[in-house]
Amino acid sequence: REEGRMLVVHCMLMALHTPLAPRMQRCDRASTMVAPAPAAFKSEAAEEAYWRAYFWDAAAEKIEQEFGAAGKRELKRIREYLNVNRAADPSAGMPKKLRKHPHYEVIGGYFPGLTTNPFHDASSAPFAELKRAGPAIRRELDALLVREHQFEDVGKPLGWRTMPIYYKGVLQPSFPADECPETMRALSKLRLAGETVAFQRQSPGTGLPRHVDPCSWVLACHLGMVCPDEGPEMAYICVAGQKHYWQDGEVMVFDPSFLHETFNPTSQDRIILNIDIFHPELTDLECNVIRETICLKKQMFGSTPEEVHPDRAPGRSECSG
174 REEGRMLVVH CMLMALHTPL APRMQRCDRA STMVAPAPAA FKSEAAEEAY WRAYFWDAAA
234 EKIEQEFGAA GKRELKRIRE YLNVNRAADP SAGMPKKLRK HPHYEVIGGY FPGLTTNPFH
294 DASSAPFAEL KRAGPAIRRE LDALLVREHQ FEDVGKPLGW RTMPIYYKGV LQPSFPADEC
354 PETMRALSKL RLAGETVAFQ RQSPGTGLPR HVDPCSWVLA CHLGMVCPDE GPEMAYICVA
414 GQKHYWQDGE VMVFDPSFLH ETFNPTSQDR IILNIDIFHP ELTDLECNVI RETICLKKQM
474 FGSTPEEVHP DRAPGRSECS G
């Protein structure tokens with residue numbers, strides 16, 4: 174139960190269906206607020222609501238200190254973001270069309286006012302630049318594969334392996350970034366969301382089951398690297414019931430807050446470059462606020478079991494001073 178709670182903390186204290194009552198590890202406000210004993214709560218829902226409000230009150234205070242000098246218009250959606258996520262039922266702050274959508278679910282955090290579609294246009298900047306860099310990125314990947322640089326099994330379903338570049342915003346020492354300058358240059362032109370950047374391999378006859386990812390401000394950007402086309406059989410992703418086929422050198426952008434699943438029906442491995450990016454409609458200030466709340470969560474509640482995975486070598490985090 175404790176592990177489940179800590180994983181929810183990783184999702185910004187916003188889980189709607191998972192018990193939440195992480196034990197405070199470190200907090201600047203701890204001296205002014207004493208955490209009640211679990212027995213003081215009448216239900217898990219009350220406990221969850223308490224800790225959610227506790228965190229988002231601290232976040233609002235921190236954001237006001239750091240960014241309060243910005244203009245009223247610049248802060249409008251930020252203050253809505255803080256208020257929506259603090260509520261006992263954050264979904265109440267979502268538009269009705271999303272609350273009622275059968276394929277949409279936010280389990281980590283919601284940012285108001287963003288265009289919400291299963292797929293997004295990938296033909297304009299910065300995605301067009303990523304597509305132009307595709308051949309160079311593919312050559313660098315091929316060089317790694319020739320040297321048998323290993324993909325890692327990180328606990329996903331059978332057949333899903335990854336070569337991590339960034340994990341939780343940290344450049345992974347296991348990735349030879351100095352040998353992949355074009356890949357790193359292309360990534361530097363994107364607003365990375367502090368989540369995952371990785372080459373991901375899906376074996377023949379395997380796929381990921383239907384699921385959603387945590388936060389509405391993150392979009393998934395896929396660049397096809399090795400996408401087998403065997404006549405009618407092609408590897409695909411299905412987002413909110415809409416099927417998309419990966420293709421070599423093509424960029425695809427989707428919203429992982431919609432239920433999605435993948436499958437590779439071919440006889441060959443499929444490899445993509447997966448990049449978690451900030452929603453393009455977020456301002457730089459809004460991205461900085463989100464980063465600040467993520468860092469504050471780690472300071473207050475510590476890392477989750479996923480974030481201290483034994484296979485993850487330490488690196489420089491966006492939260493580092």
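Its first residue numbered 174, the sequence shown is counted upward by one per residue in the working numbering.
Just so you know, even glycine gets a beta-carbon here, dropped at the ideal spot from N, CA and C.
Starting from the C-beta of residue i, find all residues in its chain whose C-beta is less than 7 Å away, skip the five residues before and the five after it, and write them out in chain order.
{"i": "Ile445", "result": "Gln373, His395, Leu396, Gly397, Met398, Trp419"}
{"i": "Glu355", "result": "Ala306, Ala309, Ile310, Glu313"}
{"i": "Glu454", "result": "Leu287, Thr288"}
{"i": "Cys460", "result": "Arg364, Phe451"}
{"i": "Asp326", "result": "Arg334"}
Between the beta-carbon of residue i and the beta-carbon of residue j, is there less than 7 Å?
{"i": "Pro429", "j": "Asp402", "result": "no"}
{"i": "Ile236", "j": "Val412", "result": "no"}
{"i": "Glu423", "j": "Lys362", "result": "no"}
{"i": "Glu434", "j": "Pro382", "result": "yes"}
{"i": "Ser264", "j": "Arg252", "result": "no"}
{"i": "Ala371", "j": "Met425", "result": "no"}
{"i": "Tyr277", "j": "Phe436", "result": "no"}
{"i": "Glu239", "j": "Leu458", "result": "no"}
{"i": "Gly140", "j": "Cys388", "result": "Because the chain spans 174 through 494 in this model, residue 140 falls outside it and cannot be assessed."}
{"i": "Met357", "j": "Ala366", "result": "no"}
Taking residue i as the reference, which of the options has the closest Cα?
{"i": "Trp390", "options": "Lys362, Lys416, Leu248, Phe427", "result": "Phe427"}
{"i": "Ala393", "options": "Tyr409, Ile450, Ser440, Pro268", "result": "Ile450"}
{"i": "His256", "options": "Ala233, Glu247, Lys273, Asp442", "result": "Reading off the sequence, residue 256 comes out as Asn, not His. Residue Ala233 is the option with its Cα nearest to Asn256."}
{"i": "Thr379", "options": "Leu248, Val279, Asp442, Gly404", "result": "Asp442"}
{"i": "Trp333", "options": "Arg320, Gln375, Ala366, Phe292", "result": "Gln375"}
{"i": "Leu360", "options": "Ala219, Lys269, Lys304", "result": "Lys304"}
{"i": "Gln415", "options": "Ala218, Arg464, His293", "result": "His293"}
{"i": "Phe300", "options": "Ile448, Gln323, Lys471, Leu469", "result": "Ile448"}
{"i": "Pro291", "options": "Cys468, His322, Ile410, Val319", "result": "Ile410"}
{"i": "Pro221", "options": "Pro275, Arg259, Lys245, Leu469", "result": "The identity of residue 221 in the sequence shown is Glu, whereas the question assumes Pro. It is Arg259 whose Cα lies nearest to the Cα of Glu221."}
{"i": "Cys468", "options": "Gly404, Ala408, Glu368", "result": "Glu368"}
{"i": "Pro275", "options": "Lys470, His384, Leu318", "result": "His384"}
Apart from the five residues just before and just after residue i, which ones in its own chain have a Cβ nearer than 6 Å to its Cβ?
{"i": "Glu406", "result": "Pro438, Thr439"}
{"i": "Ile338", "result": "Phe348, Val370, Ala371"}
{"i": "Phe284", "result": "Tyr254, Ser389, Trp390"}
Pick helix, strand or coil for residue i, following the three-state DSSP scheme.
{"i": "Gln323", "result": "coil"}
{"i": "Cys200", "result": "With a pLDDT of only 40 at Cys200, under the threshold of 50, the placement of this residue in the model should not be trusted, and no figure is reported."}
{"i": "Arg401", "result": "Per the sequence presented here, residue 401 reads as Pro, with Arg not at that position. Three-state DSSP puts Pro401 in coil, outside helix and strand."}
{"i": "Gln238", "result": "helix"}
{"i": "Gln373", "result": "strand"}
{"i": "Pro382", "result": "coil"}
Is it right to say residue i is buried, meaning 16 or more other beta carbons lie within 10 angstroms of its own, or is it exposed?
{"i": "Glu352", "result": "exposed"}
{"i": "Thr466", "result": "buried"}
{"i": "Gln345", "result": "buried"}
{"i": "Arg320", "result": "exposed"}
{"i": "Lys341", "result": "buried"}
{"i": "Lys249", "result": "exposed"}
{"i": "Ala295", "result": "buried"}
{"i": "Lys245", "result": "exposed"}
{"i": "Lys269", "result": "exposed"}
To which residues of the same chain is residue i closer than 8 Å at the C-beta, ignoring the five residues directly before and after it?
{"i": "Gln323", "result": "Met336"}
{"i": "Ala316", "result": "Glu352"}
{"i": "Pro330", "result": "Thr379, Gly380, Leu381, Pro382"}
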